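In numbering that gives the first Met the number 0, the protein residues as written are 0 to 383.
C-beta atoms are modelled at their ideal positions from N, C-alpha and C, and glycine is treated no differently.
Model, not experiment: these values are computed from the prediction.
Here's the structure we're looking at; comments come further down.
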Amino acid sequence: MPKTSTNVLHPIPFSAWGLGFERPLLIAGPCSAETEEQVLATAKGIAATGKARVLRAGLWKPRTRPGHFEGAGNEALAWLRRAKAETGLLTMTEVATTDHVEACLKAGIDMLWIGARTTPNPFSVQELADALRGVDIPVFVKNPINPDLQLWIGALERMDRAGIKRLAAIHRGFTWFERTPYRNSPMWEFPIRLKAAFPDLEIICDPSHIAGNREKLGTIAQQALDLGLSGLMLEVHQDPDNARSDAEQQIAPREYGALIDSLLFRSATPTAPMQDRLEELRDLIDQLDEEIAQKLGTRMDIAERIGDHKRAHQVAILQPERWDRIMRRQLKLAGHLGLSQAFVKEFMDAVHRESIRRQTDEQSSPVGVVPAGSPLSPGNGVDG
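Shown next, in the form of structure tokens:
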């Protein structure tokens, strides 16, 4: 039997990083460092708003397809140093190779991040971790492009094991096969699950890469803050319409200042009276959750008895018309209860998969999982 990983993270809060900031941490800057003039003008515009502590800029920008602007490279390190000297903003950039790490450390870059294309590759992440071993520098790890929580955790663990204690995560959304209003689907359940697993880990949000356009930045940023994330990283450019990469999702410094002013920054910890009321409401939720679990257990017991009855009388388990009636009735009820149809459909599909498991003796399939294309997949229908 394979051994279960016992790795844990040992992150420390922003307030203990020794950089003079706490949550919420605000990071802003261009997608790419294009010219020294552009970097300096953008940095000064951001500093003038008083709404950011860190200047971000991509120096090495390999694109999905070659032939596009791929960053100014090592030359831009001097631009960031000058921007810091003239504005007081800390500097931050993405590293994807050991050469990037070496160049950034030599140039005195303050903070690093590992990008969404690097996080999914354990070989690359380990090389970066080895290059950073023994170095006391803040490192942020973006979620992988695809929704895989274990890859995200694994990358964080590799940094932690290399001795990086000033460690945080960046939620930038996920590539998903379904059409969504966003460039990358937020899938908020992933940062929530990561925070639940590691309560001391600081997680900030990158609304620019989730939204993919300027119009949705405020909505995503507010959602992140409402969920208790530790800060924001936004792409800001002195001339966003003419940016050489990701122009649609960048905003000018003045627009950035207005956006931050429009956001509601909620307290991370409730006051005593509010805490008392929260505990009352949470107790109610706990009771309801227990009732839901008990009712689901009863439902599955009945579904199993239906399966036994069908087998005893040589009746086929598949009943598509039965499942169609169940789903139509539940979706209609969802409208009356103010529940989204997408949520109810996903929930009922999960209930249906468990009913299938209880009604069949399919030992070849993992518990609760039905192979794609199987006649027993949701939509083909069994009783219950």
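| task | Kindly list the residues whose CB is nearer than 6 Å to the CB of Val366, restricted to its own chain and excluding five residues on each side of it in sequence; keep chain order. | result | At Val366, the pLDDT of 38 sits below 50, so the modelled position is not reliable and the matter cannot be decided from this model.
| request: Would you identify the three-state DSSP class for Trp59, choosing helix, strand or coil? | output: Trp59: coil per DSSP, three-state reduction.
| task | Apply the 10 Å Cβ neighbour rule to Leu387 and answer buried if 16 or more other Cβ atoms are within range, or exposed otherwise. | result | Limits of the chain in this structure are 0 at one end and 383 at the other, which puts residue 387 out of reach.
| request: Note the first and the last residue of the continuous alpha helix (DSSP H) segment covering Gly153. | output: Leu148 to Arg160
| Beta-carbon proximity check, Glu201 vs Pro12, cutoff 9 Å | Cβ distance < 9 Å, so Glu201 and Pro12 count as in contact.
| message | For Asp129, which residues in the same chain have their Cβ closer than 8 Å to its Cβ, ignoring the five residues on either side in sequence? | response | Same-chain partners within the cutoff: Thr97 and Ala161.
| task | Write down every uninterrupted run of the beta strand (DSSP E) in the stretch 186-224 whose length is 3 residues or greater and which is fully enclosed by it, in chain order. | result | 201-204
| said: Rounded to the nearest angstrom, what separates Gln221 and Leu258 at their Cα positions? | reply: Cα to Cα, the separation comes out at about 10 Å.
| Residue from Pro198, Leu25 and His9 with nearest C-alpha to Gly262 | According to the sequence shown, residue 262 is Leu rather than Gly. Among Pro198, Leu25 and His9, the Cα nearest to that of Leu262 is on Leu25.
| query | Ordered along the chain, which non-local residues of its own chain (more than five positions away) have a Cβ less than 8 Å from that of Leu89? | reply | Excluding residues up to 5 positions away in sequence, Leu18, Arg52, Val53, Leu54, Lys83, Asp109 and Met110 lie with their Cβ nearer than 8 Å to the Cβ of Leu89 in the same chain.
| message | Quick check on the burial criterion: 16 or more other C-beta atoms within 10 angstroms. Buried or exposed for Phe342? | response | exposed
| request: Give the secondary structure of Ala242 by DSSP, where H, G and I count as helix, E and B as strand, and everything else as coil. | output: Correct three-state label for Ala242: coil.
| Gly139 - DSSP class collapsed to helix/strand/coil | Position check: residue 139 holds Phe in this sequence, whereas Gly was assumed. DSSP places Phe139 in strand when its eight states are reduced to three.
| message | Let me check one thing: in DSSP terms, what residues is Phe173 bridge-paired to? | response | Ser184
| request: With DSSP collapsed to three states, give me the class of Ser14. | output: helix
| request: Assign Ile398 to one of three DSSP states: helix, strand, or coil. | output: Any property of residue 398 remains undetermined from this structure, which presents the chain solely from 0 to 383.
| task | May I ask which residues mark the beginning and end of the beta strand (DSSP E) holding Ile325? | result | Taken as a continuous stretch (DSSP letters only), Ile325 belongs to no beta strand (DSSP E), being part of the alpha helix (DSSP H) at Pro319 to Leu336.
| said: Quick test of the definition: if touching needs 3 or more C-beta pairs under 8 Å, does the stretch 293-304 touch the stretch 346-358? | reply: Contact between the stretch 293-304 and the stretch 346-358 is present, because at least three Cβ pairs lie under 8 Å.
| request: With Ala130 as the anchor, note down where its alpha helix (DSSP H) starts and where it stops. | output: Per DSSP, Ala130 belongs to the alpha helix (DSSP H) from Pro121 to Leu131.
| said: With three or more beta-carbon pairs closer than 8 Å as the criterion, would you say the stretch 190-208 touches the stretch 31-48? | reply: Not touching, per the Cβ criterion.
| field | Cross-strand partners of Gly230 (DSSP beta bridge) | value | Leu24
| task | Decide if His236 is buried, meaning its Cβ has at least 16 other Cβ atoms within 10 Å, or exposed. | result | buried
| said: Between Glu177, Pro146, Val138 and Gln149, which has its C-alpha nearest Leu166's C-alpha? | reply: Val138
| query | What did DSSP end up calling Glu93 once you bin it into helix, strand or coil? | reply | strand
| said: Give me the residue from Gly227, Lys105, His170 and Asn145 with the minimum Cα distance to Glu74. | reply: Lys105
| Where does Val350 sit, in a helix, a strand or coil, going by DSSP? | Helix.
| At what residues does the alpha helix (DSSP H) containing Leu262 begin and finish? | Segment: none, Leu262 is in no alpha helix (DSSP H) and carries neither H nor E.
| query | Which same chain residues, not among the five before or five after Glu21, have their C-beta less than 8 Å away from its C-beta? | reply | Pro12, Phe13 and Ser14
| said: Applying the 10 Å Cβ sphere with the 16-neighbour rule, what's the burial state of Ser339? | reply: Here Ser339 is exposed: its Cβ has fewer than 16 other Cβ atoms, across all protein chains shown, within 10 Å.
| Residues near Thr174 in its chain [Cβ-Cβ closer than 7 Å; skip 5 each side] | Ile144, Asn145 and Asn183
| field | Buried or exposed by the 16-neighbour rule on C-beta atoms within 10 Å, applied to Lys141 | value | buried
| request: On a CA-only basis, which of Glu101, Leu295, Gly172 and Phe346 is nearest Val134? Give me that one, please. | output: Measuring from the Cα of Val134, the nearest candidate turns out to be Glu101.
| In this structure, does DSSP put Val314 in helix, strand or coil? | coil
| task | Check whether the Cβ atoms of Asp205 and Met232 sit closer than 9 Å, and answer yes or no. | result | yes
| query | Under three-state DSSP, which class holds Ile291? | reply | helix
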